[in-house]
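Working notes for the structure below.
Residue numbers (our numbering), protein chains in the order written: chain A, 1 to 388; chain B, 389 to 531.
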């Protein structure tokens, strides 16, 4: 059997401003993963580097990192699918190992967003959509997701307070995560207090509290063949399902506005490949760049029926002791969202859960976990199912 | 030898254009003539908005321009309180998606229309809209 395992996972602390260069930032996540796996750089025979370009000036970072991380002369590959780059990197690593081309592959994700201003960041992110036909109108990621939020509200009667409840959950766990950028408490009252920043509009109907923060960070996942996993690792986590899909970049090319078609398709592929359904998932990480994104993920992944995501959050079913714990590491809303590092951080959380190493946020006896990682405004969707 | 002049008409599109040239540059001329236009594949008849130079279904590049006429229905919208670099002077503004049936149109709501006047499903019409400094885009008006 040519199974593929994850034998180690690491990440840097996610911060507003990392006081070092991108190669040094990458080293932090990489070193954490090697320590977790109990291996050295010499055990790795190929690497995949994941980020979205133009936040820093280094072109072709994979080659630069291979030297800095001690991975020469092994081959290295650069992948990019915006915010889902990390899980796309995992899929490439899975393919490299599954095919027998390589035995141990490091997937290194990074982003240093603090080298440019926030308005410049919004412009870069906006250019992850349709630059020819949409960007000239002044689009940005919060506004695109806000359009989905508006459509979801129209279709199902979802309320701004339902979205706020997702942020309140995120902060419940973000306060426990010492690698998160935002660790303060967020309460529902903050969204009704006129003086509170959380309530301020960003792009209606989304407010400051509905949006994740930019961050600098890195992550690393070590992928290995079954044979290597058995010799190097006591607690391998197996990649059981790995689905991915794309959607038209211009909203004018789409038909669905209260969910993400790429997420639905990727989820269906991953469930089929793993031979499980949403009820078999013990713990999940979903791409909550905005609260509405988590709400749609509940429904796109089948944790809730269409329009029933609000019941799931309001019934606290996605809390640690609920029926389907989601983002109990605080999610992107708390951790921050260093684009290329995000997918790896999500995968790491599920790996720790399945190894029983998640500490205060451990879901008892978690055996099957899911990672939902979205690039752009649902331009790319990756869903990965892991099992111990 | 003189340099061959580049056709960069598309640089005039919107507040900030991120594309210099396209094989559908005539779109800009049409906007300047007061028309919002899409393309239709001469081979399969499929209508495209935004206009495309090539049909991915039949791989034909024979396209005919058509005018976006009448009204469509508002699918969704958002009003921005913050803008990306280069758009600060436009704030606040509303972006929207309008369904014309055969195609959809992504654009901006005309300045002066308040959020309180918008409702999903309402009829809106896309019209060419001259901007400062010879630039041009299109915006949605209440009909």
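In this text, a Cβ means the ideal position worked out from N, Cα and C, and glycines have one as well.
In this text, all values refer to a predicted model and were calculated from it rather than measured experimentally.
- Residues of the same chain with a CB within less than 8 Å of the CB of residue 232 of chain A, apart from the 5 flanking positions on each side, are 7, 37, 38, 39, 43, 104, 224 in chain order.
- The stretch 474-481 of chain B makes contact with the stretch 397-410 of chain B, as at least three CB pairs between them are under 8 Å.
- One alpha carbon belongs to residue 23 of chain A, the other to residue 217 of chain A, and they sit about 11 Å apart.
- Looking only at A/367, A/288, A/373, the smallest Cα-Cα distance to residue 236 of chain A is reached by A/367.
- For residue 518 of chain B, the enclosing beta strand (DSSP E) covers residues 511-518.
- One alpha carbon belongs to residue 398 of chain B, the other to residue 423 of chain B, and they sit about 15 Å apart.
- For residue 171 of chain A, the number of other beta carbons within 10 angstroms of its own is at least 16, and it is reported as buried.
- The stretch 350-362 of chain A makes no contact with the stretch 193-204 of chain A: fewer than 3 CB pairs, one atom from each, lie closer than 8 Å.
- For residue 307 of chain A, the secondary structure class from DSSP, reduced to helix, strand or coil, is coil.
- Under the 8 Å Cβ criterion, the stretch 116-123 of chain A does not count as touching the stretch 57-66 of chain A, having fewer than three qualifying pairs.
- For residue 440 of chain B, not one C-beta of chain A is nearer than 8 Å to its own C-beta.
- Residue 298 of chain A sits in a helix when the DSSP states are folded into three classes.
- Its chain contains 55, 121, 214, 215, 216, 338, 339 as the residues whose beta carbon lies nearer than 8 Å to that of residue 113 of chain A, once the 5 sequence neighbours on both sides are disregarded; these appear in chain order.
- Counting C-beta atoms within 10 angstroms of its own C-beta, residue 308 of chain A has fewer than 16 neighbours from the protein chains shown and is therefore classed as exposed.
- Excluding sequence positions up to five before and after residue 395 of chain B, its CB lies within less than 8 Å of the CB of 409, 413, all in the same chain and listed in chain order.
- For residue 479 of chain B, the three-state secondary structure derived from DSSP is coil.
- As DSSP reads the structure, residue 372 of chain A sits in a beta bridge with A/383.
- Between the alpha carbons of residue 326 of chain A and residue 257 of chain A lies a distance of about 23 Å.
- With fewer than 16 other Cβ atoms from the protein chains shown falling within 10 Å of its own Cβ, residue 447 of chain B counts as exposed.
- Setting aside the 5 residues that flank it on each side, residue 50 of chain A is surrounded in the same chain by 79, 85, 86, 89, 109, 340, each with a C-beta closer than 6 Å to its C-beta; the list follows chain order.
- When Cβ-Cβ separations below 8 Å define contact, residue 407 of chain B makes contact with chain A.
- Only residues of its own chain outside the window of five on either side were considered, and among them 291, 294, 313 have a CB closer than 6 Å to the CB of residue 166 of chain A, listed in chain order.
- By the C-beta density criterion, residue 525 of chain B is buried, having at least 16 other C-beta atoms within 10 angstroms.
- Using a C-beta cut-off of 8 Å, the stretch 495-503 of chain B makes contact with the stretch 478-485 of chain B, since at least three inter-stretch Cβ pairs fall below that distance.
- Residues of the same chain with their beta carbon placed closer than 6 Å to that of residue 305 of chain A are lacking, with the five preceding and five following residues left out of the count.
- If you compare the alpha carbons of A/364, A/343, A/374 with that of residue 10 of chain A, the shortest gap goes to A/343.
- Rounded to whole angstroms, the separation of the alpha carbons of residue 72 of chain A and residue 299 of chain A is 44 Å.
- With respect to chain A, the C-beta atom of residue 404 of chain B has a partner C-beta closer than 8 Å.
- Residues of the stretch 236-267 of chain A with a C-beta less than 7 Å from any C-beta of chain B: 250, 251, 252, 257, listed in chain order.
- Look at residue 16 of chain A here: in three-state DSSP terms it is coil, with no helix or strand label.
- Scanning its chain for C-beta atoms nearer than 7 Å, with the 5 sequence neighbours on each side dropped, one finds around residue 259 of chain A the residues 296, 299, 300, in chain order.
- For residue 167 of chain A, the secondary structure class from DSSP, reduced to helix, strand or coil, is helix.
- In the DSSP annotation of this structure, the continuous segment of the alpha helix (DSSP H) that includes residue 342 of chain A starts and ends at 339-354.
- The beta carbon of residue 466 of chain B falls within 8 Å of a beta carbon belonging to chain A, placing the residue at that interface.
- Per the coordinates, the alpha-carbon of residue 323 of chain A lies some 47 Å from the alpha-carbon of residue 435 of chain B.
- Per the C-alpha coordinates, the member of A/91, A/53, A/140 positioned closest to residue 211 of chain A is A/140.
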